[in-house]
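Let me begin by presenting the structure, written as structure tokens, before commenting on it.
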Amino acid sequence: MPRFYRNWICLYCYCVPAKCVLHCDSCLGCLLPVPVIPRTAAMGSLPPGMEHRELCGRLFQEKQDHVDVNELYQLHLSCYRILGLGFFIPPVCQSGTFIPTNMTGTDVGLRSVVPCRKQNLGDGPLVQRHKVLSLSKGIDDVGVLKWDLALCLLLTWVICFFCIWKGVRSTGKVVYFTATFPFLMLLVLLIRGVTLPGAAEGIKFYLYPDITRLADPQVWIDAGTQIFFSYAICLGAMTSLGSYNKYKYNCYRDCMLLGCLNSGTSFVSGFAIFSVLGFMAQEQGVDIADVAESGPGLAFIAYPKAVSMMPLPSFWAILFFIMLLLLGLDSQFVEVEGQITSLVDLYPSFLRKGYRREIFIAVVCFLSYLLGLTMVTEGGMYVFQLFDYYAASGVCLLWVAFFECVAVAWVYGTDKFYDNIEDMIGYKPGPWMKWSWTVITPLLCVGCFIFSLAKYTPLTYNKYYVYPDWAIGLGWVLALSSMICIPLVMVFRIVHSDGSLIERIKAVTAPREVNRWAKNSEEAAPICTNGGFQTPTHVIVETMI
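Positions 1431 to 1975 (our numbering) are the ones given, in order, by the sequence shown.
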């Protein structure tokens, strides 16, 4: 049963405007031990400017007997965004029981809550924990740094550093656990989900989609963005990690396996999700479409619901949040490893001496941590959403993907690229790949890019807070910082070439000679048996040089 704490005061009203306050020290129900009233207001689920006394009065009227779970969901969504990986650490460290199954539906009954009275604001650690996720009025008011969130963020970067500081050898060993454990946990959730009543309706809803939605351009934009992030396309990680392979390595086979495993995992996870959503819809007596959520809602509503019904829910809750933490860490250190590899290859004579590579990794992690500190302040939610909406937008990836296809298919030439692949793997891929590089992928990228710009809407938070013009401008600067690099480098190379304009363009677009050392060496590898680097190291970089 949940624990209820007396002597609580609404920290925003500094009085006792409410008759009662609900608190549950739970990993999955509330995630952080904070009273409902301050927690809901702190996370910005109400329009800015609404009086907190109005919030209390609205939630706890004499004649009202329930609280809408949407207020709680706003907390879960905001927690996910403001804390990122660091958010998954406090729930794992907490101990306690869960909200019973009948209290995690649409309504949270108030019959079990107890009265509260005014109390000193400085008493008890729960007050400080409540203030952890307080949201400021806007991005103009950043507020103070939240030290506990900063420590959680520091822990994630420390873990990331020790996962990659020895290079791909240590990263590969870590991935054995970080990649396999989520699969095992997903299998457990799938088995538990399909055995729930109402699961069949949820699976039916999942397998019979609405075909008319294909006429909506936004669906294609979202699908394209999801594919890019899911496969880490145009992020540099695949290229950097692939550069460690031998020249004769069958990369085409791995590409096919990656596509099947990734899409297959997404397909199977849909059964685990929608089986639980079907059960939730049956219990609440509503349509499945009303309980289906996208994005963080799946992680903080559907999965926790399934975990709370298992035997030993506390144990499964810890495993669940560890799974989320490992998934985030897996993506984090792979992306960081990709950045480190590319930079080390650009300056090998400097960064490969002694322990300079390890020191450089520590500096990169530390600078990334400092950048993340802006997102663990009272106004960090607004900063994070600004980065998420612009800097991490799928539009940037579509831009990069288009130019990659143009460079490979139209500048370098698909026939030459096919010959290189045949030289590496022993055979040519099917003709479908050639058509994809030359026509299909560029057209899809351009189409999604144009639709994204045509349907662009200024960034808002919870549909109430409108970002100021300077913040929108900063967001576009973040987006253009990666997009503008391609045309800038093109212009720079053309300007610094010799000859007429046509001759300069031909010289810049002419492919470089293939690295003969890597091509002629059957067992060419970037790492020696003793763990040191051979010279030259990476095939791709040496070919460019």
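Beta carbons are placed, not taken as given, at the ideal position from N, Cα and C, and that holds for glycine.
Item: Runs of alpha helix (DSSP H) lying entirely within the segment 1784-1872, each at least 4 residues, in chain order; Value: 1786-1803, 1810-1816, 1824-1835, 1844-1855, 1861-1865
Item: The segment 1883-1900 in contact with the segment 1785-1805 per 3-pair CB rule at 8 Å; Value: no
Item: Own chain, CB closer than 7 Å to Phe1592, minus 5 neighbours either side, in chain order; Value: none
Item: Beta-ladder partner(s) of Thr1771, from DSSP; Value: Answer is none; Thr1771 lacks a bridge partner.
Item: Leu1583, enclosing alpha helix (DSSP H) - first and last residue; Value: 1577-1594
Item: According to DSSP, residues forming a beta bridge with Val1919; Value: Paired residue(s): none; Val1919 is not in a bridge.
Item: Reduced DSSP secondary structure (H/G/I, E/B, other) of Leu1540; Value: Bear in mind that a pLDDT of 33 at Leu1540, under 50, signals an unreliable position, so the number given afterwards is only what the model happens to contain. Three-state DSSP puts Leu1540 in coil, outside helix and strand.
Item: Cβ-Cβ distance between Ile1902 and Phe1833 below 8 Å; Value: no
Item: Identity of the residue in Ser1693, Thr1871, Phe1750, Trp1595 nearest Thr1771 by Cα; Value: Trp1595
Item: Residue span of the alpha helix (DSSP H) that contains Tyr1638, given as start and end; Value: Element bounds for Tyr1638: n/a, residue is neither H nor E.
Item: Backbone secondary structure at Thr1939 - three-state DSSP; Value: helix
Item: Rounded Cβ spacing between Ile1651 and Cys1835 (contact assumed at less than 8 Å); Value: Contact flag wrong, Cβ pair sits at about 18 Å.
Item: Cβ-Cβ separation, Phe1814 to Leu1908 (assumed contact under 8 Å), whole Å; Value: At roughly 12 Å, the Cβ-Cβ gap does not stay under 8 Å, so Leu1908 and Phe1814 are not in contact.
Item: Cβ distance (whole Å) where Leu1583 is taken to contact Gly1810 below 8 Å; Value: Not really, about 10 Å apart at Cβ, beyond 8 Å.
Item: Where Arg1786 falls, given that 16 or more other Cβ within 10 Å makes a residue buried; Value: exposed
Item: C-beta atoms of Ser1705 and Ile1633 nearer than 8 Å; Value: yes
Item: Alpha carbon of Tyr1897 to alpha carbon of Leu1827, nearest angstrom; Value: 24 Å
Item: Sheet register partners of Thr1669 (DSSP bridge); Value: Beta-bridge pairing links Thr1669 to no other residue.
Item: The segment 1703-1717 touching the segment 1620-1634, judged by at least three CB pairs closer than 8 Å; Value: yes
Item: Cys1664 vs Ala1831 beta-carbon contact at 8 Å; Value: yes
Item: Residue-chain proximity (Leu1759, chain D), Cβ-Cβ < 8 Å; Value: Among the chains in the structure shown there is no chain D, since it carries only a single protein chain.
Item: In DSSP terms, what Thr1890 is bridged to; Value: Val1896
Item: Rounded separation between Phe1745 and Val1721 - CA only; Value: 26 Å
Item: Beta-carbon gap between Tyr1638 and Phe1701 smaller than 8 Å; Value: no
Item: Which of helix, strand or coil DSSP assigns to Thr1610; Value: helix
Item: Own chain, CB closer than 7 Å to Ala1580, minus 5 neighbours either side, in chain order; Value: Leu1803, Val1806
Item: Spatial neighbours of Arg1934 in its chain, beta-carbon cut-off 6 Å, leaving aside the 5 residues before and after; Value: Ile1924, Ser1927
Item: As assigned by DSSP and simplified to three states, the class of Tyr1682; Value: helix
Item: Rounded straight-line distance, which links the Cα of Ala1662 to that of Thr1655; Value: 10 Å
Item: Rounded straight-line distance, which links the Cα of Leu1755 to that of Asn1692; Value: 19 Å
Item: Check whether Ile1851 and Pro1861 have beta carbons under 8 Å apart; Value: no
Item: Proximity below 8 Å, CB of Glu1767 to CB of Leu1918; Value: no
Item: Ser1761 versus Thr1695: straight-line alpha-carbon distance, rounded; Value: 16 Å
Item: CB contact flag (Gly1905, Tyr1812, <8 Å); Value: no
Item: Where Lys1603 falls: helix, strand or coil (DSSP); Value: helix
Item: Assigned secondary structure, Leu1997 (DSSP; H/G/I helix, E/B strand, else coil); Value: Residue 1997 is absent from the model: the chain starts at 1431 and stops at 1975.
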